[in-house]
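Each residue of the sequence shown is one higher than the last, beginning at 8 in UniProt numbering.
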Amino acid sequence: LPDRYKTVGNSVWNEFTQLAIEHKPLNLGQGFPDFPAPDYVTKALADVAAGEEALLHQYTRGFGHVRLVNALSKLYSKLIGRPIDAFSEILVTSGAYEALFSSIGGHTRPGDEFIIIEPFFDCYEPMVLAAGGKPVYIPLRPKSTTGNGPTTSADWVLDPDELASKFNSNTKAIILNTPLNPLGKVFTVDELTTIANLCKKWNTLCISDEVYEWMTYKPNKHVRIATLPGMWERTITIGSAGKTFSVTGWKLGWAYGPANLMENLRIVHQNCVYTCPTPIQEAVARSFELEMTRLDSPDCFFNEISAILEPKRDFLVNALTHIGMKPVIPEGGYFVVADWTPLENSVNLSKETDKYKDYRFAKFLTKNISLQGIPVSPFYCEQHKPLASNLIRFCFIKKDENLQKAAKLLRDWK
Ligand code: PMP
Ligand code: GLN
Numbered sequence: 008l009p010d011r012y013k014t015v016g017n018s019v020w021n022e023f024t025q026l027a028i029e030h031k032p033l034n035l036g037q038g039f040p041d042f043p044a045p046d047y048v049t050k051a052l053a054d055v056a057a058g059e060e061a062l063l064h065q066y067t068r069g070f071g072h073v074r075l076v077n078a079l080s081k082l083y084s085k086l087i088g089r090p091i092d093a094f095s096e097i098l099v100t101s102g103a104y105e106a107l108f109s110s111i112g113g114h115t116r117p118g119d120e121f122i123i124i125e126p127f128f129d130c131y132e133p134m135v136l137a138a139g140g141k142p143v144y145i146p147l148r149p150k151s152t153t154g155n156g157p158t159t160s161a162d163w164v165l166d167p168d169e170l171a172s173k174f175n176s177n178t179k180a181i182i183l184n185t186p187l188n189p190l191g192k193v194f195t196v197d198e199l200t201t202i203a204n205l206c207k208k209w210n211t212l213c214i215s216d217e218v219y220e221w222m223t224y225k226p227n228k229h230v231r232i233a234t235l236p237g238m239w240e241r242t243i244t245i246g247s248a249g250k251t252f253s254v255t256g257w258k259l260g261w262a263y264g265p266a267n268l269m270e271n272l273r274i275v276h277q278n279c280v281y282t283c284p285t286p287i288q289e290a291v292a293r294s295f296e297l298e299m300t301r302l303d304s305p306d307c308f309f310n311e312i313s314a315i316l317e318p319k320r321d322f323l324v325n326a327l328t329h330i331g332m333k334p335v336i337p338e339g340g341y342f343v344v345a346d347w348t349p350l351e352n353s354v355n356l357s358k359e360t361d362k363y364k365d366y367r368f369a370k371f372l373t374k375n376i377s378l379q380g381i382p383v384s385p386f387y388c389e390q391h392k393p394l395a396s397n398l399i400r401f402c403f404i405k406k407d408e409n410l411q412k413a414a415k416l417l418r419d420w421k
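Structure (structure tokens):
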């Protein structure tokens, strides 16, 4: 294995998916819905498969199927408030993963620094390392809240001076994720403005991972950093059909930004993925076309999904609170992070050998309580992993009956 991959172990997703296959727990681990996507989305794929259009089963345009880039152009031109060119400013990718990979790989020279906000979606770190860059970490820190009341993801904040101290002339980019996986933090305009001002001051890029853009809970609103003054020209924004339409298995994503930056992503993309599956792109294009006819209506899936998720979030937060954990109420996304250590006396972690206690607890829960969550230390750099040893993440984009089962498993255990 080349040195640049030597520090990268088996990812938490591979490890915990294998554990779920072996132990068959109720799975609130990896983030995916356990209920069907909207009918018209899966029907669009069925129609493509059954249809007469033979070419929809052949290669399509490498940088994105024409019908899909046109749909994305129309949608994001409206959301960003400027015309976004379908052919030069959008790239369709193999999931948001590949959009991240191409954004990072297409912009890294040896020694370039990438600022990563902790906790972060775990693949950012190995992607930067593999590209020859240097990750520079800054943790969100929980504000000390008074009393024992519930905390929310808004209580986790960056220290503006600490953030400023991470920028220098080697900084290539900051990687932003809003709403943030795993905490559910939705960055406010003020917070984004602080970040944007530093990007402009140091002439850096911003790679903005917005795969949970449609999942925010009142009164929080998703703000696209590319809409802030002076940011379009330095921002690459990333989305995911898997998250947008509840079809994570389709593994289709995209990136959009100014043509000069997108050209660099295309160079990476064209010689590894080359082109994404045509039927999937066609079905996603048709689905966008439908939703764009009703963007302002509560029936639009982009609006409906948060309304579906909010009571699920509240149910899970209550269930965790009830048994004594301390959940951080998320403002967006579909995960809850909770401090499990008030239950420390009820668990026996001695059979697990992992270095970090959150791993030992998550494995204990999968094997003994039949409930799977994800440890949170993978979302921190090696040095900061101890900050997460008391934390576990649960996914709540699940059927009500399964969330109820999870609550019962926890109650029966306690
Ligand atoms: N970014 C974040 C923050 C994620 O949670 C995920 C997981 N879906 C991805 C990127 C990757 O998305 P995809 O499945 O579309 O590759
Ligand atoms: N984004 C999802 C999660 O955080 C899935 C991760 C993955 O597929 N690697 O659980």
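For glycine and all other residues, C-beta sits at the position ideal for the given N, C-alpha and C. As the structure is a prediction and not an experimental result, all values here were calculated from the model.
Shortest alpha-carbon distance to residue i belongs to which of the options?
i, options, result
"LEU75", "PRO32, ILE399, GLU96", "GLU96"
"ILE381", "LYS225, ASN188, THR300, GLN411", "ASN188"
"LYS228", "LYS207, PRO40, GLY191, SER247", "GLY191"
"ASP166", "THR244, GLU125, THR158, LEU417", "GLU125"
"SER215", "ALA233, LYS208, MET222", "ALA233"
"GLY38", "HIS72, LYS405, HIS329, PHE295", "LYS405"
"VAL48", "THR223, SER396, ASP168, ALA248", "ALA248"
"ILE336", "SER384, THR159, TYR387, PHE94", "THR159"
"HIS72", "PRO149, GLU389, LYS374, CYS283", "CYS283"
"THR373", "MET238, PHE42, LYS362, LEU26", "LEU26"
"TYR66", "PRO286, LYS141, LEU107", "PRO286"
"ILE324", "PHE401, GLU217, PHE94", "Going by the sequence as given, residue 324 is Val instead of Ile. The option with the nearest alpha carbon to VAL324 is PHE401."
"ALA106", "GLY118, MET134, PHE94", "MET134"
"PHE70", "PHE308, VAL275, HIS64, GLY246", "VAL275"
"LEU268", "SER109, ALA57, GLU296, ASN77", "SER109"
"GLY246", "LEU98, GLY113, HIS114, LEU398", "LEU98"
"GLY113", "ILE243, ASP407, PHE309, GLU169", "ILE243"
"ALA93", "PRO40, PHE386, ALA266, ALA56", "ALA266"
"HIS30", "LYS370, GLU60, SER396, TRP163", "LYS370"
Given this structure, state the Cα-to-Cα distance separating residue i from residue j, to the nearest angstrom.
i, j, result
"ALA413", "VAL193", "26 angstroms"
"TYR263", "ASP365", "36 angstroms"
"VAL254", "TYR341", "14 angstroms"
"LEU272", "LEU316", "33 angstroms"
"residue 428", "PHE127", "With the chain covering 8 to 421 only, the question about residue 428 has no answer from this structure."
"LYS207", "ASP10", "33 angstroms"
"LYS13", "GLU22", "18 angstroms"
"GLN379", "LEU136", "30 angstroms"
"ASN177", "ARG116", "10 angstroms"
"PHE121", "TRP209", "13 angstroms"
"GLU270", "GLU198", "29 angstroms"
"ASN204", "LEU356", "46 angstroms"
"LEU416", "LEU33", "9 angstroms"
"GLU351", "MET222", "32 angstroms"
"VAL143", "GLU298", "39 angstroms"
"ALA314", "GLY118", "44 angstroms"
"GLY331", "ALA345", "10 angstroms"
"THR24", "SER304", "37 angstroms"
"TYR363", "ALA53", "45 angstroms"
"PHE308", "LEU8", "44 angstroms"
"PRO149", "PHE403", "22 angstroms"
"PHE42", "THR201", "39 angstroms"
Within 10 Å of its beta-carbon, does residue i have 16 or more other beta-carbons around it, so buried, or fewer, so exposed?
i, result
"ASN289", "The amino acid at residue 289 is misidentified as Asn; the sequence shows Glu. GLU289 comes out buried."
"SER18", "exposed"
"THR300", "exposed"
"LYS85", "exposed"
"CYS213", "buried"
"ALA418", "Just to set this straight, residue 418 is Arg in the shown sequence, not Ala. Exposed, since its Cβ has fewer than 16 Cβ neighbours within 10 Å."
"LYS421", "exposed"
"SER151", "exposed"
"THR251", "buried"
"PHE295", "buried"
"THR100", "buried"
"SER353", "exposed"
Relative to ligand 1, is the shortest distance from any of its heavy atoms to the C-beta of residue i smaller than 7 angstroms?
i, result
"ASP41", "no"
"ASN188", "yes"
"SER247", "yes"
"LYS370", "no"
"ASN278", "no"
"ASN21", "no"
"VAL218", "yes"
"TYR104", "yes"
"LYS250", "yes"
"ASN352", "no"
Is residue i near ligand 2, going by C-beta to nearest heavy atom under 7 angstroms?
i, result
"GLY256", "no"
"GLN37", "yes"
"TRP221", "no"
Query raised in the report: In the stretch 92-145, which residue ranges form an unbroken beta strand (DSSP E) of at least 3 residues, counting only runs that do not cross its ends?
Result: 97-100, 120-125
**Report entry** Segments of 3+ residues assigned as beta strand (DSSP E) that fall wholly inside the stretch 337-411
**Finding:** 342-346, 398-402
**Report entry** Runs of alpha helix (DSSP H) lying entirely within the stretch 19-67, each at least 4 residues, in chain order
**Finding:** 19-30, 46-57
Query - Whole runs of the beta strand (DSSP E) within the stretch 137-216, excluding any shorter than 3 residues - result: 141-146, 178-184, 212-216
Query - 4-residue-minimum alpha helix (DSSP H) runs that sit fully inside the stretch 248-327, ordered along the chain - result: 248-251, 266-277, 285-298
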